[in-house]
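Trainee: Shown below is the structure under consideration.
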Amino acid sequence: MIKISIQGARGSFHDIVARHKFPGDSEIIESNTSHQVFEDVKKGLADYGVVAIENSLYGSFLENYDNLLKYESKIVGEIYLHVILNLITLPGVKLEQIREVYTHPIAMIQAESFLEKHPSVIRIESHDTAGSVRMIKEKGLKTAAAIGSNLAAQLYDMKILAKDIETEKQNYTRFLIIAKDPKYPPLANKTSLAIKAENNAGSLYKCLKCFYDQGINLSKIESRPIMGRTWGYYFYLDFERGLTTPETQRALKELEKVTESIQVLGSYEQGKVFEE
């Protein structure tokens with residue numbers, strides 16, 4: 001049986017991704033933080049982990065870029081989920097009864113316009129959307145609501161009091177599937193790297209030119225500080241080629257000449273968008 005570590009409880013958006021990616025017989029391991037997901041994979045407690053890496057509105061989940069290097073995990077897949085948020089309560093609860101709303105801080109931000117219409121409601125951040133739904137269910141809180149997925153409402157037999165409350169309907173999150181060992185599928189058409197550029201004028205330009213010269217499209221560039229090295233940075237690159245293609249191999253050969261280090265984070269099939 002495949003074991004998959006996710007951040008949050010069953011019914012979370014991470015759980016939705018895990019169910020979609022691994023529809024067969026599998027065991028879901030609930031983790032409170034993304035760090036714990038990486039730990040589970042590193043220690044062999046889980047075969048795979050599901051972590052969010054960026055959201056179309058919020059931006060990048062920077063700690064998970066750092067975790068990719070810290071735990072030396074490999075990306076083996078990606079999925080783009082259309083995130084739809086709902087206000088969830090115990091059955092029979094009315095909107096005017098609600099005094100507190102619980103959810104993950106990013107979901108709170110994404111539902112800002114809805115929450116602004118209810119200024120008297122206290123916002124309480126939690127580590128997970130689905131965990132908030134489950135907590136309200138277990139404690140029988142009739143003056144509280146959670147913001148979460150349709151799946152969470154179904155799993156915990158709760159009521160969706162308001163549907164699609166996200167401020168921006170074009171709300172997508174990119175999730176990575178991580179594993180301990182590199183597994184590069186034959187159909188891989190996307191690769192992620194972490195590079196340490198030389199600290200001199202034009203160094204980043206030289207790095208990017210390696211891909212331009214091979215006609216490779218870079219779909220993502222993210223910089224992160226190097227711990228213990230003031231004003232030193234790692235650059236995370238996603239590009240639209242598999243690791244073993246001739247173009248990629250030529251680009252990497254040239255990249256070695258203008259960088260201090262290169263670390264392959266994964267080579268995998270480009271993810272598709274799906275609805276809950």
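Under UniProt numbering, the sequence shown has 259 at position 259, and the numbering climbs by one with no breaks. The beta-carbon is built from N, C-alpha and C at its ideal position, and this holds for glycine as well. None of the values given here were measured: they were computed from a predicted structure.
Could you check where the alpha helix (DSSP H) with residue 165 kicks off and where it finishes?
Mentor: Where residue 165 is concerned, there is no enclosing alpha helix (DSSP H), given that its DSSP letter is neither H nor E.
Trainee: Using the Cα positions of residue 37 and residue 6, report the straight-line distance between them to the nearest angstrom.
Mentor: One C-alpha to the other measures close to 6 Å.
Trainee: Among 82, 176, 206 and 8, which has the Cα closest to the Cα of residue 273?
Mentor: When each option's Cα is compared against that of residue 273, the closest is 82.
Trainee: Is it the case that the Cβ atoms of residue 39 and residue 174 are separated by a distance below 8 Å?
Mentor: Contact flag unset, no.
Trainee: Going straight from the alpha carbon of residue 2 to that of residue 67, what length do you get?
Mentor: The alpha-carbon atoms of residue 2 and residue 67 are separated by roughly 22 Å.
Trainee: With H, G and I counted as helix, E and B as strand and the rest as coil, what does DSSP make of residue 69?
Mentor: Correct three-state label for residue 69: helix.
Trainee: Could you give the C-beta distance for residue 268 and residue 78, rounded to a whole number, given that I count them as a contact under 8 Å?
Mentor: That pair is a contact at about 6 Å.
Trainee: What residue from 256, 171 and 228 has the CA that sits closest to residue 58's CA?
Mentor: Comparing Cα positions, the closest option is 171.
Trainee: Do you know how far the Cα of residue 149 is from the Cα of residue 13?
Mentor: Answer to the nearest angstrom: the Cα atoms are 7 Å apart.
Trainee: Please confirm whether residue 87 and residue 130 have their CB atoms less than 8 Å apart.
Mentor: Against a cut-off of 8 Å, the Cβ pair of residue 130 and residue 87 comes out as no contact.
Trainee: Taking just the CA atoms, how far does residue 60 sit from residue 250?
Mentor: Taking the straight line from one Cα to the other gives about 29 Å.
Trainee: From 184, 42, 166 and 210, pick the residue whose C-alpha is nearest to that of residue 103; which is it?
Mentor: Of 184, 42, 166 and 210, the residue nearest in Cα terms is 166.
Trainee: Please classify residue 206: does DSSP put it in a helix, a strand, or coil?
Mentor: Correct three-state label for residue 206: helix.
Trainee: Look up residue 13 in the DSSP assignment and say whether it is helix, strand or coil.
Mentor: Helix.
Trainee: Reducing DSSP to helix, strand and coil, say where residue 105 ends up.
Mentor: Helix at residue 105.
Trainee: Residue 184: which of 47, 75, 224 and 204 sits nearest, CA to CA?
Mentor: Nearest of 47, 75, 224 and 204 to residue 184, Cα basis: 75.
Trainee: State the CB to CB distance for the pair residue 29 and residue 15, rounded to an integer number of angstroms; the pair is presumed to be in contact (CB under 8 Å).
Mentor: Going by Cβ atoms, the distance from residue 29 to residue 15 rounds to 11 Å, so no, they are not a contact pair.
Trainee: Mind listing, in chain order, the continuous alpha helix (DSSP H) runs of no fewer than 4 residues lying wholly within the region 100-154?
Mentor: 105-110, 112-116 and 129-139, all fully within the region 100-154.
Trainee: Counting only runs that start and end within the region 174-249, where is the alpha helix (DSSP H) found for 4 or more residues in a row?
Mentor: Counting only runs of 4 or more, we get 203-212.
Trainee: Apart from the five residues just before and just after residue 142, which ones in its own chain have a Cβ nearer than 7 Å to its Cβ?
Mentor: Result list for residue 142: 90, 93 and 97, in chain order.
Trainee: If you pair each beta-carbon of the region 147-161 with each one of the region 43-51, do three or more pairs fall below 8 Å?
Mentor: Taking 8 Å as the limit for Cβ pairs, the verdict is that the region 43-51 does not touch the region 147-161.
Trainee: Around the Cβ of residue 43, are there at least 16 other Cβ atoms within 10 angstroms (buried) or fewer (exposed)?
Mentor: Classification of residue 43: exposed, given that the 10 Å Cβ count is below 16.
Trainee: Where does residue 205 land, buried or exposed, given buried means 16+ other C-beta within 10 angstroms?
Mentor: With fewer than 16 Cβ atoms within 10 Å of its Cβ, residue 205 is classed as exposed.
Trainee: Under 8 Å, do residue 260 and residue 222 count as touching if we go by C-beta distance?
Mentor: Contact flag unset, no.
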